[in-house]
Structure formats: structure tokens, C-alpha cells
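Asker: Before I ask anything, here is the structure I am working with.
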Amino acid sequence: MSVNESITPEPLLQLGLGFMASKTLLSAVELGIFTTLASDGHDHTSLASAVGLHPRSSADFLDALVSLGLLNRDEHGVYRNSPAADLFLDRTKPSYVGGILEMANARLFGFWDNLTDALRTGTQQNEVTHSGAPFFATLSQDPVAWRNFLNGMNGVSTPLAGALAADFDWTGRRHVIDLGGALGAVPAAVLRSNPDITGAVFELPPVRPVFEGFVAAHGLADRLTFHGGDFFSDPLPQADVYVMGQILHDWNLEQRQFLLQKAYNALPEGGTLIVYDAMIDDERRHNTYGLMLSLNMLIDTEGGSEYTVTDATQWLQAAGFAEVSARPLIGGYTAIYATK
79 MSVNESITPE PLLQLGLGFM ASKTLLSAVE LGIFTTLASD GHDHTSLASA
129 VGLHPRSSAD FLDALVSLGL LNRDEHGVYR NSPAADLFLD RTKPSYVGGI
179 LEMANARLFG FWDNLTDALR TGTQQNEVTH SGAPFFATLS QDPVAWRNFL
229 NGMNGVSTPL AGALAADFDW TGRRHVIDLG GALGAVPAAV LRSNPDITGA
279 VFELPPVRPV FEGFVAAHGL ADRLTFHGGD FFSDPLPQAD VYVMGQILHD
329 WNLEQRQFLL QKAYNALPEG GTLIVYDAMI DDERRHNTYG LMLSLNMLID
379 TEGGSEYTVT DATQWLQAAG FAEVSARPLI GGYTAIYATK
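Start counting at 1 in the sequence shown, then tack on 78, and there's your number in my numbering.
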């Protein structure tokens, strides 16, 4: 049997060993490489000293970041951030999205080692795998892990927040509430570009201290407030726009339908619910990120998964929403605008 010379194992090997590149980036974020280089370039010796690298393989590590397109190195051996790394991976910038990478490094990277077990058993593989305790209650007991998790959610939401603020027509809207909105990245982006709108986050009470720090840092404390509560058991605060971003994928079908119906019932006539997630395309073959994230929900939730745009549209229509339209966002995410 002859081997087709046009087919090589390289793509398979690159995919199978892709965790090496992933962990190189995650470790660079953990070490503060990009924040250190944001102020000025460093040669190998000074950069290694600044972030605490051992001499063995430190040059390989930094040059791997060059090869991955995350750093640039000039003819004098001075390292600097690539434009994207400088914008999105410098902790001092409001555009920082590394929170999700920090959370992935601290939590998800290790949990994904148990993907095979999750696929065989259908059970989550995280902090509560063996205890059976509620996930959010368990995580909130560890202040470091809790802050890390919330910053991770904020890291994902930050670029999506800008896209939503620009894409949705906010004309005539007065008050937006992000249900389960973590630190409030979405309403913060909306308020910055719409000075006549106020906003709030409806979240579990343990989120409040981290939320207040985020809001104060962004100068929005007078317009962006916090409502403590549980969206399953407590009444929803009044608003003319609700946002459910990366919420439905945490829950099973019955819970999703309950939340959508509850939002519909609470909205005034003409009010809008915005749902966004990494929704899977209806053919279930193109949005690789959405499919990967759905596997992550297997690992990290009791009954969650991603879902298709058609699924979400049908759930919203069943809840009573008259006008339902889907809009692609960025990075494999889709928003659905549903008006009562």
C-alpha cells in the first residue's frame, strides 16, 4: 500500500501537541511577561531577571513566544510585545483580556486532563466533582479562586462588550441590567458610549466586593450599580433591556427555558432581552470554538453545554418574544436580540 505523499501527519501532530503552545502562552501571562514589556523593551538577561526565570531554557521560552508571534525581538536582542499582546495582555490596560487566560491556567488546564473521564461518565470534572456541592458557593469560599474566576469572565466579556455596545441600537433605552453579569463589562461599555443610560448587574452577593472595585476603577460608580440575588429564586429588577451573556450555557434545557420565561415576564412591552454565547452553527461543523467551549461546559458544569442559534431562537419564541434576530459578534460568538 503506497502512502499518498500529499497527506502528511504534521497537522495531526501539531493539533495533538497544541497544548505546548497553549501552556507557553498561559505561563507567560502568569509570569507577567507582557505587562513587564509594556513599559519598555528588555534583553534576555534583564527580562529573565525581571520575571524570575531560571537560566535554563529561559532563552528558549522567550524565543518560543517570538515564534508564536507574541513577542518581537530586534537585531540587538531586545524583546518587545507584539501589537496584539501589548493591547490585550498588559494587565495595566483596560483592554486586558488575560483574566480568562489566568483562570484557564489556574483551573481549566488541569481539569481538561479529565476530559476522557467526563466523556465516559457525563459528569463535571472541577472543584466540586467529588463533593457534589454547588459550584458557585464552593468557589466563592476561596477569595483568590473567586476573584480569579470573576476576572476570567470579565476577560471574555470585555471584547464582546464593545461589540454589543456598538451593534445594538440603544436609542430610547434607559436602564440595562446584566443578569449574571459578573463585574459588569457589558453595561460598562454601554454606559461609556451612551451617557443617558444607567445600568446594573444582578449577581450573587459574593460578587459585590470585586464588582465594586471594577466599577470604581472605571469611574462608573454613580451610574452602574449592583443588585444581589439569585436569578432562579429572586425577582428580577426592572429594566428595559436585560442581558444574559454566557449564562444559558451553564444550565440544562429546563433551566434555560425557565430563565428566558422569567426575563420575558419581567420585561415591559417593547423591552429587549439580549442573549449571547458561543452558539454552535446549525450544521454543527463550522464554529470550532463553540464546540470546544461546549466540551468545557461538560467539564465545568453539571448540565451545561453550548447550543445552536436555531435552538435559542425557538426557546425565545416559545417564551413569547415577538421579534427575534441573531447577529454574529466576534470570536465565534453570536448575539440574539429578542423584543417583547
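Built from N, CA and C at the ideal position, the CB exists for glycine as well.
Quick caveat: nothing in here was measured; it's all calculated off a predicted structure.
Give the secondary structure of residue 113 by DSSP, where H, G and I count as helix, E and B as strand, and everything else as coil.
Answerer: Helix.
Asker: Ignoring anything shorter than 3 residues, give me the beta strand (DSSP E) runs that lie fully in the stretch 221-264, in order along the chain.
Answerer: If we require 3 residues or more, the beta strand (DSSP E) runs fully inside the stretch 221-264 come out as 253-257.
Asker: So residue 354 is in the alpha helix (DSSP H); what residue range does that whole segment cover?
Answerer: It is not in any alpha helix (DSSP H) - residue 354 instead sits in the beta strand (DSSP E) that spans 350-355.
Asker: Given residue 182, which residues of its chain have a CB within under 8 Å of its CB, disregarding the five upstream and five downstream residues?
Answerer: So the qualifying residues of the chain are 104 and 230.
Asker: Across which residues does DSSP place residue 405 in a beta bridge pair?
Answerer: Beta-bridge pairing links residue 405 to 413.
Asker: Going along the chain, which residues of its own chain have a beta-carbon closer than 6 Å to the beta-carbon of residue 239, five neighbours each way excluded?
Answerer: Counting only Cβ-Cβ distances below 6 Å, and skipping sequence neighbours, we find 263, 264 and 267.
Asker: Near residue 114, which residues of its chain fall below 8 Å by C-beta distance, leaving aside the five closest residues on each side in sequence?
Answerer: These residues qualify, in order along the chain: 120, 125, 128 and 129.
Asker: How is residue 85 classed by DSSP in three states: helix, strand or coil?
Answerer: Residue state, collapsed to three classes: coil.
Asker: Tell me the rounded alpha-carbon separation between residue 222 and residue 170.
Answerer: Going from the Cα of residue 222 to the Cα of residue 170 covers about 19 Å.
Asker: Going by beta-carbon coordinates alone, are residue 122 and residue 140 separated by less than 8 Å?
Answerer: Yes, these two residues count as a Cβ contact at 8 Å.
Asker: Using only alpha-carbon positions, find the residue among 379, 374 and 347 that is nearest to residue 210.
Answerer: If we check each option's Cα against that of residue 210, 379 comes out closest.
Asker: Verify whether the separation of the beta carbon atoms of residue 254 and residue 275 is less than 8 Å.
Answerer: Yes, the Cβ-Cβ distance between residue 254 and residue 275 is below 8 Å.
Asker: Taking only three categories from DSSP, how would you classify residue 24?
Answerer: Here the chain has residues from 79 to 418 only, and residue 24 is not among them.
Asker: Going by C-alpha distance, which of 272, 331 and 227 is nearest residue 242?
Answerer: Of the listed residues, the one whose Cα sits closest to residue 242 is 272.
Asker: By Cβ distance below 6 Å, which residues in the same chain neighbour residue 292 in space, the five residues on each side in sequence not counted?
Answerer: Answer for residue 292: 261, listed in chain order.
Asker: Tell me which residues share the same chain as residue 315 and place their Cβ nearer than 7 Å to its Cβ, disregarding the 5 neighbours each side in the sequence.
Answerer: These residues qualify, in order along the chain: 255, 278, 280 and 305.
Asker: Would you check if there are 3 or more beta carbon pairs closer than 8 Å linking the stretch 338-346 to the stretch 360-369?
Answerer: No, the stretch 338-346 does not touch the stretch 360-369.
Asker: Where do the ends of the alpha helix (DSSP H) carrying residue 63 lie?
Answerer: Residue 63 lies beyond the residue range present for the chain, which begins at 79 and ends at 418; the question has no answer from this structure.
Asker: With distances taken Cα to Cα, identify the nearest neighbour of residue 232 among 294, 177 and 89.
Answerer: Residue 177 is the option with its Cα nearest to residue 232.
Asker: Using only alpha-carbon positions, find the residue among 356, 215 and 212 that is nearest to residue 324.
Answerer: For the residues 356, 215 and 212, the minimum Cα distance to residue 324 belongs to 356.
Asker: Considering residue 307, what are the terminal residues of the beta strand (DSSP E) in which it resides?
Answerer: Premise fails: residue 307 is in no beta strand (DSSP E) and is neither H nor E.
Asker: When we look at the beta-carbon of residue 30 and count the other beta-carbons within 10 Å, is it buried (16 or more) or exposed?
Answerer: What the structure shows of the chain is the stretch from 79 to 418, and residue 30 is not part of that stretch, so it cannot be assessed.
Asker: Could you give the distance in angstroms between the alpha-carbon of residue 207 and the alpha-carbon of residue 328?
Answerer: Near 16 Å, if we compare the C-alpha coordinates of residue 328 and residue 207.
Asker: Between which residues of its own chain and residue 248 is the CB-CB distance below 6 Å, once the five residues before and five after are set aside?
Answerer: Closer than 6 Å at Cβ, skipping near neighbours: 272.
Asker: Which residue's Cα is closest to the Cα of residue 213: 388, 407 and 377?
Answerer: The option with the nearest alpha carbon to residue 213 is 377.
Asker: Please name the residue in 86, 136, 300 and 117 whose C-alpha comes closest to that of residue 102.
Answerer: Selected option, being the one with the closest Cα: 136.
Asker: Straight-line CA distance for residue 320 to residue 152?
Answerer: C-alpha separation (whole angstroms): 49 Å.
Asker: Taking 8 Å as the cut-off, decide whether the C-beta atoms of residue 167 and residue 157 are in contact.
Answerer: No, the pair does not count as a contact, with Cβ atoms beyond the cut-off.
Asker: Between residue 228 and residue 144, is the Cβ-Cβ spacing less than 8 Å?
Answerer: Cβ atoms of residue 228 and residue 144: not closer than 8 Å.
Asker: Tell me whether residue 189 sits in a helix, a strand or coil according to DSSP, three-state version.
Answerer: Residue state, collapsed to three classes: helix.
Asker: Assuming residue 150 is part of the beta strand (DSSP E), what are its boundary residues?
Answerer: Segment 149-151, the beta strand (DSSP E) holding residue 150.
Asker: If you count every other CB in all the chains shown that lies within 10 Å of the CB of residue 147, and 16 or more means buried, which is it?
Answerer: So residue 147 counts as exposed.
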